[in-house]
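Residue numbers (the working numbering), protein chains in the order written: chain L, 5 to 244; chain F, 10 to 738. Quick reminder that beta carbons are idealized off the backbone N, C-alpha and C, glycines included. Heads up, the thing below is written out as structure tokens.
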Amino acid sequence: MTWGVVVFPGANCDRDCAHVLRAVLGADVVEVWHADRALDGIDALVLPGGFSYGDYLRSGAVAATAAIMPALRAFAAAGGPVLGICNGFQILTEARLLPGVLMRNRSLRFRCHPVWVRVESVATPFTAGLRAGEVLQMPIAHGEGAYLAPPETLDALAAAGRIVFRYCDARGRVVPAANPNGSAAAIAGVANAAGNVVGLMPHPERASEALLGSSDGRRLFESAAAWVASRRPAASGAAR
Amino acid sequence: MSALEAAAASRAGLSARDHREVCARLGREPNPVEARMVAVMWSEHCGYKHSKTALRRLPGRSPRVLSGPGENAGVVALGGGWALAFKMESHNHPSAVDPYNGAATGVGGIIRDILAMGARPVALLDSLRFGPLDEPRPRRLAAGVIAGIAGYGNAIGVPTVGGELRTAPCYRDTPLVNVACLGLLRADRVATAAAAGPGNPVLYVGARTGRDGIGGAAFASTELDGAREATDRASVQMGDPFTGKLLIEATLQALETGGVVAIQDMGAAGLTCAASEMAARGGVGVTLDLDRVPLREAGMRPEEILLSESQERMLLVVTPAAVDAIAGIFRRWGLAAEVVGEVTAERRLRVLAAGRVVADLPPDVLAEAPAYDPASEPPADLRERWRLPQLPKTDPADALLRLLAHPDVASKRAVYEQYDHAVGIRTVVGPGADAAVLRVLEAPPLGVALAADGNARWCAADPRRGAAFVVLEAAANLACAGAEPVAVTDCLNFGSPERAAGYWAFVETIEGIAEACRALDVPVVGGNVSFYNEADGGAGIAPTPVVGLAGAVPDVARTVPVGFQRDGDVIVLVGDGETGLGASLYVQVVAGQAGGRPADPAPPRAAAAIACVRDAVRGGLLASAHDCADGGLAVALAEACVAGARGASVTWLAQPDVLFGEGTGRFVVSGSPSQYRALEAMARERRVALRVLGRVEGDRLRITPPGTRAPAVDLSVEAMRAAWTSLEV
């Protein structure tokens, strides 16, 4: 199993993701430079958090036009699993690989603390190994994480089972107090229509070792690894 | 000196005294460019004129020290082949006129000092001081500073894992922003800032040079003047964390090549400081060609290029064989990289512009500012300050709630949730605990614990005792994480040293820090001095030494929390250091003004209690540990209840001095009865006093004087939590 971690110059969670994939999961990791144009020999891809190109424009707006993006689009179109974490999620929405936008937090402040999310869909590589309704604890760390989309889009996402995670309390109840940023429908993560591209604001790589307070996030990576393994040696095709 | 010369020198910022000194050293008048360079390098901020003699009294030696004061940051061996680099610096003056950029560039600057040692920056702490937060100007400054720290620190990917925030009227117009950075590096890969090797190219890397922050160091060396605020803003640098991030990655890659001979950040006094200090340290010269410096705009004058404090720039001396590869690394990261000069055997800093020599002087003249020996005298009203004010009769429960809500004690969650404290996946214990704990990912289970402390209430009353208090409190914080102190860094924030009482307080502070460090056997490996924290002719700030302490944690999984963990656990007071209400928060809160003299900190006795708690944590003898600081025993008990969401029943005297008196080397710890027996044996052996206070139980804190039935304090954990979490920023 070989993971690719895209290294945008201002990414700051690329090393964290690579550590978890290598040292905790024992997988191979290729750091993919943002100016590269090819994604060869990679089974699954992570777009890590950070500030890709400084994000002095809308977060992820510049990264959506990076040299690596055409290869990433082709990888996603071929059904390859892609996980966008935090800034990676912002980049995927700016690139229109995922619907909606991520606006400034309702508090207008950066927020960094643990949250709980409820698994809403298991029809993605990153949640196939989880149970619907399970509650995971992972930290957030963002200033622009309020997920918004037109009402009809939100309805369509819900109807198609493309809402992957919702913010909830420790017991799994989706209540306003558990929504840290004002996201519509308490959405913490969504998928594309095929299910193979997933973006979320919480950081699973920061919740992959018990020493750091939670290892729930590791299960997203393990799920994708099992999903990839189950499809070998057949060439990667449709995600569902 | 003619009237004309005096005017020219004064324009350059040189005092008449310094002008005479530089003429004597050069054997001639400096030309105008040289005069500007000297004036900035001899500013208090860069030159330490009023402080360097006294600073020599700080203990700097330890077998662990790999690099001490004199380099960009201290480096100390951690074990397992790893070392830490650690330094704290102030960015007070810029933050007073432009809080966002002042604080942001304070973060950027200290990160690059750590980077210059060859270390990856892995953690930040910040100590902040503002005027009362119920006033509009301090609120605006606080909001700007916090946003600046978040804006820069969050983007550059170095977690802000701790720090402190305190308020007092003396910081109304002169807020303090002290930032500490911790870096990790291989013990055999310590970089140096000493230039060497005549003929070696001098490589400029990072952002381009612009007209921002020109003369910032000189600006930071004078009192603030409200009328100048608009023009002073031009002295403040602008930070760009994205470029700062690129510089970290590119610099670490460049150091990996082995072709970097010397490296320094271009911070205060920019190119002038970096070139002259690197040359002076190495006993060599440097020739610079300003025409080759990457600029943001055309038409910059030589002195502007030499003194610009544009951020995110470093100066490297590299080997000729490696220069192309190293420049290539920086360019791949999108940064400027240009050879701007070379090292020379002749010990001169020679600066060329448009083919002409615009400055030519020995680097030592710039790097070695004169040392002053200012007058020192205790303040006339010292004895008066030591008199305890009349204390109104106060209900202890009511006093406890007021102390918990005081900004010096209250939870800073509203602040630290705005900082990314988890990036880097090293943060095992984040903000809100006594000390932050980071794992050394590369050498498990090794860790580093960090704490920053300062308490001007103690220091204003008795700078020597107060400074010792501050160091011992930081060490007590580390003990709760099971950490052994290995390195101290300090920011010494004061008013004008040209006032005899101000300089006296400075010298006393250094003595106090030194006494505590000797008792703890820990070296001071670096830091900075910030004088002239005064505004508009006011009295200036109270003496505010801020101490950053780094400690080694052998096993990061072996730390204990602040809060009580299990009903039925025994609550114990460790340590019996002298306590008193003098200079305590209790006096300030109930009398409305500070007063009295702090108790004798007795560093050796405190150090014994600190070592006992540390070893008890490491040995697994405790379920919780928390040191008694502001508000004394009662506040420590309340915080342990709130943090653990559990009550406690305590039998103890309820006089104000017993409940709220402050002293050093005292801890509220808890553990099971069998853990207590082991702790008792350990403490007896070390002659550290233990007193059983009571038990963890229920959802109320009850403190009942012995022999009575009615508790003197009976508060629900929820009421204490509400008071403690009431701070809004």
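Exercise. In the DSSP assignment, what residue or residues form a beta bridge with tryptophan 120 of chain L?
Worked result: Translated into positions along the first sequence, residue 120 of chain L becomes position 116. Bridge partners of tryptophan 120 of chain L: L/Gln141, L/Cys172.
For this session: Would you verify that the beta carbon of methionine 10 of chain F is, or is not, closer than 7 angstroms to some beta carbon of chain L?
Result: Counted from its first residue, the second sequence places residue 10 of chain F at position 1. Only weak support is given to the placement of methionine 10 of chain F: the predicted model assigns it a pLDDT of 48, under 50, and the question is left unresolved by the model.
Exercise. Using a Cβ-Cβ distance under 7 angstroms, would phenylalanine 55 of chain L count as near chain F?
Worked result: By 1-based counting over the first sequence, the position of residue 55 of chain L is 51. Yes, phenylalanine 55 of chain L lies at the interface with chain F (some Cβ there is under 7 angstroms from its Cβ).
Problem set entry | Run of the alpha helix (DSSP H) containing serine 317 of chain F, from where it starts to where it stops | Counting from one through the second sequence, the residue named residue 317 of chain F turns up at place 308. Where serine 317 of chain F is concerned, there is no enclosing alpha helix (DSSP H), given that its DSSP letter is neither H nor E.
Problem set entry | CA nearest to the CA of isoleucine 314 of chain F, picked from F/Leu361, F/Asp443, F/Lys402, F/Gly433 | As a working note, residue 314 of chain F is residue 305 in the second sequence. Among F/Leu361, F/Asp443, F/Lys402, F/Gly433, the Cα nearest to that of isoleucine 314 of chain F belongs to F/Leu361.
Problem set entry | Under 8 angstroms by beta carbon: chain L residues contacting glycine 448 of chain F | Looking up residue 448 of chain F in the second sequence gives position 439. Note that residue 448 of chain F corresponds to arginine in the displayed sequence, not to glycine. Correct list: Leu215.
Exercise. Along chain F, in chain order, which residues have C-beta atoms closer than 7 angstroms to that of histidine 38 of chain L?
Worked result: In the first sequence, counting from the first residue as 1, residue 38 of chain L sits at position 34. The premise fails here: histidine 38 of chain L is roughly 10 angstroms from chain F at the closest Cβ pair, so nothing lies under 7 angstroms.
Exercise. Cα separation between leucine 42 of chain F and leucine 487 of chain F?
Worked result: For the purposes of this step, residue 42 of chain F is taken as residue 33 along the second sequence, with counting starting at 1. For the purposes of this step, residue 487 of chain F is taken as residue 478 along the second sequence, with counting starting at 1. According to the sequence provided, residue 42 of chain F is valine. The question's leucine does not apply to it. C-alpha separation (whole angstroms): 48 angstroms.
Problem set entry | Chain-ordered residues of the segment 18 to 50 of chain L with a beta carbon less than 7 angstroms from chain F | Asp20, His23
For this session: Say whether chain L places a C-beta atom closer than 7 angstroms to the C-beta of isoleucine 434 of chain F.
Result: As a working mapping, residue 434 of chain F is identified with position 425 in the second sequence. Answer yes: the Cβ-Cβ gap between isoleucine 434 of chain F and chain L drops below 7 angstroms somewhere.
Exercise. So, does the CB of alanine 67 of chain L fall closer than 7 angstroms to a CB anywhere in chain F?
Worked result: As a position in the first sequence, residue 67 of chain L is number 63, starting the count at 1. Taking Cβ atoms only, chain F never reaches closer than 7 angstroms to alanine 67 of chain L, which makes this a no.
Problem set entry | Nearest residue (CA-CA) to serine 319 of chain F, options F/Glu306, F/Met691, F/Pro145, F/Tyr57 | Mapped onto the second sequence, residue 319 of chain F falls at position 310. Selected option, being the one with the closest Cα: F/Glu306.
Exercise. Helix, strand or coil: which one does DSSP assign to cysteine 179 of chain F?
Worked result: Here the question's residue 179 of chain F lines up with position 170 in the second sequence. Of the three classes helix, strand and coil, the one that applies to cysteine 179 of chain F here is helix, per DSSP.
Problem set entry | Environment of arginine 66 of chain F [buried if 16+ CB atoms lie within 10 Å] | Position 57 of the second sequence holds residue 66 of chain F. Exposed, because fewer than 16 other Cβ atoms sit within 10 Å of the Cβ of arginine 66 of chain F.
Exercise. Would a check of beta-carbon distances place phenylalanine 251 of chain F closer than 7 angstroms to chain L?
Worked result: Along the second sequence, read from residue 1 onward, the residue named residue 251 of chain F stands at position 242. Closer than 7 angstroms to some Cβ of chain L, the Cβ of phenylalanine 251 of chain F qualifies, so yes.
Problem set entry | Contiguous beta strand (DSSP E) assignments of at least 3 residues, all confined to the segment 622 to 676 of chain F | 633 to 636, 657 to 660
Exercise. Start and end of the alpha helix (DSSP H) containing tyrosine 595 of chain F?
Worked result: Within the second sequence, numbered from 1, the residue matching residue 595 of chain F stands at position 586. Note, tyrosine 595 of chain F: alpha helix (DSSP H), 594 to 600.
Exercise. If you draw a straight line from the alpha carbon of aspartate 40 of chain L to that of glutamate 209 of chain L, how long is it in whole angstroms?
Worked result: In the first sequence, the residue the question calls residue 40 of chain L occupies position 36. In the first sequence, the residue the question calls residue 209 of chain L occupies position 205. Each residue's Cα considered, the two are about 24 angstroms apart.
Exercise. What's the C-alpha gap between alanine 216 of chain F and glutamate 321 of chain F?
Worked result: Indexing the second sequence from 1 puts residue 216 of chain F at position 207. Indexing the second sequence from 1 puts residue 321 of chain F at position 312. Distance between the alpha carbons of alanine 216 of chain F and glutamate 321 of chain F is about 6 angstroms.
Exercise. Proline 210 of chain F by DSSP, collapsed to three states: which one?
Worked result: Reading the second sequence from its first residue, position 201 is the one you call residue 210 of chain F. Three-state result, proline 210 of chain F: strand.
Problem set entry | Spatial neighbours of tryptophan 342 of chain F in its chain, beta-carbon cut-off 7 angstroms, leaving aside the 5 residues before and after | By 1-based counting over the second sequence, the position of residue 342 of chain F is 333. The answer, listed in chain order, is Leu255, Glu258, Ala259.
For this session: Taking 8 angstroms as the threshold, find out whether the segment 137 to 149 of chain F comes into contact with the segment 166 to 186 of chain F through three or more Cβ pairs.
Result: yes
Problem set entry | Contained beta strand (DSSP E) runs [length at least 3] in the segment 360 to 444 of chain F, N- to C-terminal order | 365 to 370, 436 to 438
Problem set entry | Residue interval of the alpha helix (DSSP H) (run including aspartate 107 of chain F) | Here residue 107 of chain F refers to the residue found at position 98 of the second sequence. Counting along the chain, aspartate 107 of chain F falls outside any alpha helix (DSSP H), and DSSP gives it neither H nor E.
Exercise. With a CB to CB cut of under 6 angstroms and the five nearest residues on each side skipped, what residues in its chain are close to tryptophan 467 of chain F?
Worked result: Taking the first residue of the second sequence as position 1, residue 467 of chain F is located at position 458. Cβ within range, chain order: Gly475, Phe478, Ala592, Pro607.
Exercise. Per the contact definition of three or more C-beta pairs closer than 8 angstroms, is the segment 93 to 108 of chain F in contact with the segment 55 to 66 of chain F?
Worked result: Touching, no, given that fewer than three Cβ pairs across the two stretches are closer than 8 angstroms.
Exercise. Would tyrosine 512 of chain F pass as a contact of lysine 58 of chain F if the rule is Cβ separation under 7 angstroms?
Worked result: In the second sequence, the residue the question calls residue 512 of chain F occupies position 503. In the second sequence, the residue the question calls residue 58 of chain F occupies position 49. No, the Cβ-Cβ distance between tyrosine 512 of chain F and lysine 58 of chain F is not below 7 angstroms.
Problem set entry | Partners in chain L for aspartate 404 of chain F, counting only beta-carbon separations shorter than 7 angstroms | Reading the second sequence from its first residue, position 395 is the one you call residue 404 of chain F. The contacting residues do not exist; aspartate 404 of chain F stays about 34 angstroms from chain L at best.
Exercise. Who pairs with asparagine 183 of chain L in a beta bridge, going by DSSP?
Worked result: Translated into the one-based positions of the first sequence, residue 183 of chain L becomes position 179. Paired residues: none, contrary to the question.
Exercise. Alpha carbon to alpha carbon, what distance is there between alanine 469 of chain F and glutamate 543 of chain F?
Worked result: Counting from 1 along the second sequence, the entry for residue 543 of chain F is found at position 534. Counting from 1 along the second sequence, the entry for residue 469 of chain F is found at position 460. Straight-line Cα distance between these residues: approximately 15 angstroms.
Exercise. Are there 16 or more other CB atoms within 10 angstroms of the CB of asparagine 163 of chain F, so buried, or fewer, so exposed?
Worked result: Translated into the one-based positions of the second sequence, residue 163 of chain F becomes position 154. Under this definition asparagine 163 of chain F is a buried residue.
Exercise. If we ignore side chains and look at the alpha-carbon of each, how far apart do arginine 73 of chain F and proline 494 of chain F end up?
Worked result: As a first step, residue 73 of chain F is located in the second sequence; it is residue number 64 there, counting from the start. As a first step, residue 494 of chain F is located in the second sequence; it is residue number 485 there, counting from the start. So the two alpha carbons sit approximately 11 angstroms from each other.
Problem set entry | Extent of the continuous beta strand (DSSP E) to which methionine 323 of chain F belongs | For the purposes of this step, residue 323 of chain F is taken as residue 314 along the second sequence, with counting starting at 1. Per DSSP, methionine 323 of chain F belongs to the beta strand (DSSP E) from 322 to 327.
Problem set entry | Residue range of the alpha helix (DSSP H) that includes methionine 50 of chain F | To locate residue 50 of chain F, count along the second sequence from 1; it is residue 41. Element bounds for methionine 50 of chain F: 41 to 50.
Problem set entry | Closer than 7 angstroms to chain F by CB, asparagine 196 of chain L | By 1-based counting over the first sequence, the position of residue 196 of chain L is 192. No, asparagine 196 of chain L lies away from the interface with chain F (no Cβ there is under 7 angstroms from its Cβ).
Exercise. Who are the near neighbours of alanine 616 of chain F in its chain, counting only those whose CB is closer than 6 angstroms to its CB and skipping five residues on each side?
Worked result: Residue numbering aside, residue 616 of chain F sits at position 607 when the second sequence is read from its first letter. The beta carbon of alanine 616 of chain F lies closer than 6 angstroms to those of Ala528, Leu529 in the same chain, with the five residues before and after it left out.
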